[in-house]
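Peer 1:
Chains as they are written, first to last, in this note's numbering: chain A, 1 to 351; chain B, 352 to 702.
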């Protein structure tokens, strides 16, 4: 059976946008690790499709699992050789973690951030939370700084379980930092930390399904948002950010994974961002690493995992790209109220 | 005068797509260096616009130059403070140069490549050449390898003064490497090096304004091209690459600068790449550093430079992003013959 035919079958049976190249990515990951979380990590494929793909590869006898290990069978091994599919070759810079940014000039900011973040609220499934490592947050702020999007700028953070607002304000570089979050625990934590540290952060409770408050529209130079990854939800949240920007030359930062968004969805998202007046100046893969959240065994993908093992805190596997979009003309976005479930689609894995 | 009004004036007088944010980028660079080449390097703005912008800033008394140094005047300094424009803050990882890739596993490939590249042809203005540092070529190959686009794949290199084909073949990872270049010196050099080193590289002379040869259409998994940066020329060359790809899951790599392409042009390019069936999976800024070419004082931007000094070999200033585009559907491109000058537009600086 060809990979194209197998991808067709999986696509038909599951409704997932899996491709032959995705199966190749899974087979490349299988040659690099037998651990389910490393395989999911190394295969940049929607996690639901990775699970579905592993089941399909097992059905044709290329993959098997036992004792918690996922392995290529001799037939699978032979197929990889015949199809010239090599093992994943990681070549991430060990110093910057593949992010390209140097953190040592932010040493004191990082120290203060680590101290403050100790008391942070745990990730909650109710709000689709799951926060990035503290290093990822610092790297994100460093990246914004190096791009000229932080110093002297007005920054809006849409959803802040990553505590970007705190790290950004600790640099003392931005002119203004405003946070909107639906979760009162986050709002209170950020407000309390800002008060204790003397940081100019304005944290407000707000549900992003509601229109962006009028007084925040067109008032910011930079926004950050790590949206939910259904197409409708992602565009809704990104649209709030764009509505908050002053105009051309202003910038949005967005997180986007390969684990809950197929490249077909990536393309739909990019088309919308361009149509809204933006250009993609940076797309940095695997920029963010997430801390494993406490509800992993309650997430949607759990049932389809071939090996059901809760990963440890020291086994990160969920990563996302950092996308920087700069407006080249006034943002063309609406600011409507969204109703219904904007969080789920067939690629949703962690909700 | 506001930056927006000044940008308007420059845009009207020069026809260049300069923006207020571009002027801000120039002012941020001016605070970080008084050297013309560092200023051009640090301001991600079309070089023609940087030159034009410096002249305009001089007219309003914010910038001055003397003895080969370009400086903010006290009035310019004050304006930056008032507008909260801070100095450029470079935070590039010193290990990977901001590229995110670790090169030490390619140590032997790099050593062989450095040895071979010693005899390379010098960059020629006739063919719009200007090659990247050897480290940049190695990093590019490492990046392709880590993305799964090299091992076992058929690679097409369109224009190869960077000698990507040699570095790629030295890894012994690709199945097939084909090079097309208009310059017989490059074709001969690559063919000769391949013969001497026993590398499977097929180098052919070809003018990319001519249609891609039929027998190469739809036959490759990966292409690399560092196109000329006029909009028409960039899309023409990128289209040849896309025409060479087998289909969904196949990948193109393109270089693109900020020095000869405004973000408005970037956006036009991205729209076309998406419309052609692709998605942008990676956009890594400043991935490539170029070796200063011998015809710098004969290039188009020279006349507009406020300070006319030829930079040394150890003063790199011209950089480009690496863009990875993956097909999510069959490529929708034509393969026509192009006539007329496809190399120049108003942003062209180095031709």
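Positions of the beta carbon are idealized from the N, C-alpha and C atoms, including for glycine.
For residue 256/A, does the three-state DSSP call read helix, strand or coil?
Peer 2: Counting from one through the first chain, the residue named residue 256/A turns up at place 256. In the structure shown, residue 256/A sits in a strand (DSSP, three-state: E or B).
Peer 1: Can you list, in chain order, the residues of the region 266-288 of chain A whose Cβ is nearer than 8 Å to any Cβ on chain D?
Peer 2: Judged by its chain identifiers, the structure shown contains no chain D, and its protein chains are A and B.
Peer 1: Under a Cβ-count criterion, where at least 16 other Cβ atoms within 10 Å of its own Cβ denotes burial, should residue 336/A be classed as buried or exposed?
Peer 2: Within the first chain, the letter at position 336 stands for residue 336/A. Classification for residue 336/A: exposed.
Peer 1: Near residue 508/B, what residues of its chain come up, given a Cβ to Cβ distance below 6 Å and the 5 sequence neighbours on each side ignored?
Peer 2: Sequence index remark: in the second chain, residue 508/B carries index 157 (1-based). Hits under 6 Å: 515, 516, 530, 575.
Peer 1: Note down, in chain order, each residue of its chain lying with its Cβ closer than 6 Å to the Cβ of residue 316/A, except the 5 sequence neighbours on either side.
Peer 2: Within the first chain, residue 316/A is the residue found at index 316, counting from 1. Hits under 6 Å: 289.
Peer 1: Name the DSSP bridge partner or partners of residue 206/A?
Peer 2: Along the first chain, read from residue 1 onward, the residue named residue 206/A stands at position 206. Residue 206/A pairs with nothing; no bridge assigned.
Peer 1: Are the beta-carbon atoms belonging to residue 212/A and residue 175/A less than 8 Å from one another?
Peer 2: Numbered from its first residue, the first chain carries residue 212/A at position 212. Numbered from its first residue, the first chain carries residue 175/A at position 175. Not in contact: residue 212/A and residue 175/A (Cβ atoms no closer than 8 Å).
Peer 1: Could you give the distance in angstroms between the alpha-carbon of residue 600/B and the alpha-carbon of residue 102/A?
Peer 2: One-based indexing of the second chain puts residue 600/B at position 249. One-based indexing of the first chain puts residue 102/A at position 102. Roughly 33 Å between the two C-alpha positions.
Peer 1: Give me the subset of the region 51-75 of chain A whose CB atoms are less than 9 Å from a CB atom of chain B, sorted by chain position.
Peer 2: Answer in chain order: no residues at all.
Peer 1: Determine the chain A residues that contact residue 470/B at a beta-carbon separation under 8 Å, and present them in chain order.
Peer 2: To locate residue 470/B, count along the second chain from 1; it is residue 119. Going along chain A, no residue has its Cβ under 8 Å from residue 470/B, so there is no contact; the nearest lies around 28 Å.
Peer 1: If you check the beta carbons only, do residue 69/A and residue 122/A fall under 8 Å apart?
Peer 2: By one-based count along the first chain, residue 69/A stands at place 69. By one-based count along the first chain, residue 122/A stands at place 122. Contact: no.
Peer 1: Which residues does DSSP list as the beta-bridge partners of residue 422/B?
Peer 2: As a working note, residue 422/B is residue 71 in the second chain. The partner list for residue 422/B (beta bridge, DSSP) reads 415/B.
Peer 1: What's the C-alpha gap between residue 304/A and residue 260/A?
Peer 2: Locating residue 304/A in the first chain gives position 304, counting from the first residue. Locating residue 260/A in the first chain gives position 260, counting from the first residue. If I take the Cα positions, the gap works out to 14 Å.
Peer 1: If we count the other Cβ atoms within 10 Å of its Cβ and call it buried at 16 or more, is residue 309/A buried or exposed?
Peer 2: The sequence position of residue 309/A within the first chain is 309, counting from 1. Burial call: exposed.
Peer 1: Around the Cβ of residue 86/A, are there at least 16 other Cβ atoms within 10 angstroms (buried) or fewer (exposed)?
Peer 2: Counting from one through the first chain, the residue named residue 86/A turns up at place 86. The residue is buried, with at least 16 neighbouring Cβ atoms inside 10 Å.
Peer 1: Could you give the distance in angstroms between the alpha-carbon of residue 313/A and the alpha-carbon of residue 607/B?
Peer 2: Reading the first chain from its first residue, position 313 is the one you call residue 313/A. Reading the second chain from its first residue, position 256 is the one you call residue 607/B. Straight-line Cα distance between these residues: approximately 40 Å.
Peer 1: Could you check which residue in 19/A, 62/A, 14/A, 5/A has the C-alpha nearest to that of residue 679/B?
Peer 2: Reading the second chain from its first residue, position 328 is the one you call residue 679/B. The residue with the shortest Cα to Cα distance from residue 679/B is 19/A.
Peer 1: Do three or more CB pairs link the region 41-56 of chain A to the region 7-17 of chain A at distances below 8 Å?
Peer 2: Enough Cβ pairs lie closer than 8 Å, so yes.
Peer 1: So residue 532/B is in the alpha helix (DSSP H); what residue range does that whole segment cover?
Peer 2: By one-based count along the second chain, residue 532/B stands at place 181. Segment 527-532 is the beta strand (DSSP E) holding residue 532/B; no alpha helix (DSSP H) there.
Peer 1: Taking only beta carbons into account, state which residues of the region 665-678 of chain B come closer than 7 Å to chain A, listed in chain order.
Peer 2: If the cut-off is 7 Å between Cβ atoms, the region 665-678 of chain B has 677 near chain A.
Peer 1: Flag this pair as touching only if the region 268-285 of chain A and the region 217-235 of chain A have three or more C-beta atom pairs under 8 Å; answer yes or no.
Peer 2: The region 268-285 of chain A is in contact with the region 217-235 of chain A.
Peer 1: Compute the Euclidean distance between the alpha carbons of residue 294/A and residue 652/B, then round it to the nearest angstrom.
Peer 2: Here residue 294/A refers to the residue found at position 294 of the first chain. Here residue 652/B refers to the residue found at position 301 of the second chain. Roughly 57 Å between the two C-alpha positions.
Peer 1: For residue 85/A, would you say it is in contact with chain B, using Cβ-to-Cβ distances shorter than 8 Å as the test?
Peer 2: On the first chain, position 85 is the one that residue 85/A refers to. It does; some Cβ of chain B falls within 8 Å.
Peer 1: DSSP has residue 42/A in a bridge; who is on the other side?
Peer 2: In the first chain, counting from the first residue as 1, residue 42/A sits at position 42. DSSP lists no partner for residue 42/A.
Peer 1: If contacts are defined as beta-carbon pairs under 8 Å, then residue 657/B and residue 387/B qualify, I think. What distance do you get, rounded to the angstrom?
Peer 2: Here residue 657/B refers to the residue found at position 306 of the second chain. Here residue 387/B refers to the residue found at position 36 of the second chain. That belief holds up - the Cβ atoms of residue 657/B and residue 387/B are roughly 7 Å apart, short of 8 Å.
Peer 1: Indicate whether at least one CB of chain A lies closer than 8 Å to the CB of residue 484/B.
Peer 2: The sequence position of residue 484/B within the second chain is 133, counting from 1. No, no contact with chain A.
Peer 1: Please name the residues in the region 443-457 of chain B whose beta-carbon is closer than 7 Å to at least one beta-carbon of chain A, in chain order.
Peer 2: Residues passing the 7 Å Cβ filter: 443, 444, 445, 446, 447, 449, 450, 451, 452, 453, 456.
Peer 1: Tell me the DSSP secondary structure of residue 538/B in three-state form.
Peer 2: Position 187 of the second chain, counted from the start, is the residue given in the question as residue 538/B. Helix, per DSSP.
Peer 1: Please compile the residues from chain A whose C-beta is within a distance smaller than 7 Å of the C-beta of residue 599/B.
Peer 2: As a first step, residue 599/B is located in the second chain; it is residue number 248 there, counting from the start. By Cβ distance, chain A contributes 19, 21.
Peer 1: Can you tell me where the beta strand (DSSP E) with residue 138/A in it begins and where it stops?
Peer 2: Against the first chain, residue 138/A aligns to sequence position 138. Run containing residue 138/A: none in the beta strand (DSSP E); it sits in the alpha helix (DSSP H), 134-146.
Peer 1: Kindly identify the DSSP beta-bridge partner or partners of residue 576/B.
Peer 2: For the purposes of this step, residue 576/B is identified with residue 225 of the second chain, where counting begins at 1. Looking at the DSSP assignment, residue 576/B forms a beta bridge with 509/B, 605/B.
Peer 1: Please list, in chain order, the chain B residues whose beta carbon lies closer than 9 Å to that of residue 16/A.
Peer 2: Looking up residue 16/A in the first chain gives position 16. Within chain B, no residue comes near residue 16/A; the closest Cβ sits about 14 Å away, beyond 9 Å.
Peer 1: If you measure between the beta carbons of residue 521/B and residue 435/B, is that distance less than 8 Å?
Peer 2: If you number the second chain from 1, residue 521/B lands on position 170. If you number the second chain from 1, residue 435/B lands on position 84. No. Outside cutoff.
Peer 1: Could you tell me which chain A residues have their CB closer than 8 Å to the CB of residue 520/B, listed as they occur along the chain?
Peer 2: Residue 520/B sits at position 169 when you count from the first residue of the second chain. Neighbours of residue 520/B on chain A: none; closest Cβ ~15 Å, over 8 Å.
Peer 1: Short check: CB of residue 280/A to CB of residue 634/B, under 8 Å?
Peer 2: In the first chain, the residue the question calls residue 280/A occupies position 280. In the second chain, the residue the question calls residue 634/B occupies position 283. Contact: yes.
Peer 1: Determine which residues of the region 146-177 of chain A have a Cβ less than 8 Å from any Cβ of chain B, and write them out in chain order.
Peer 2: Answer in chain order: 146, 148, 151, 152, 153, 173, 175.
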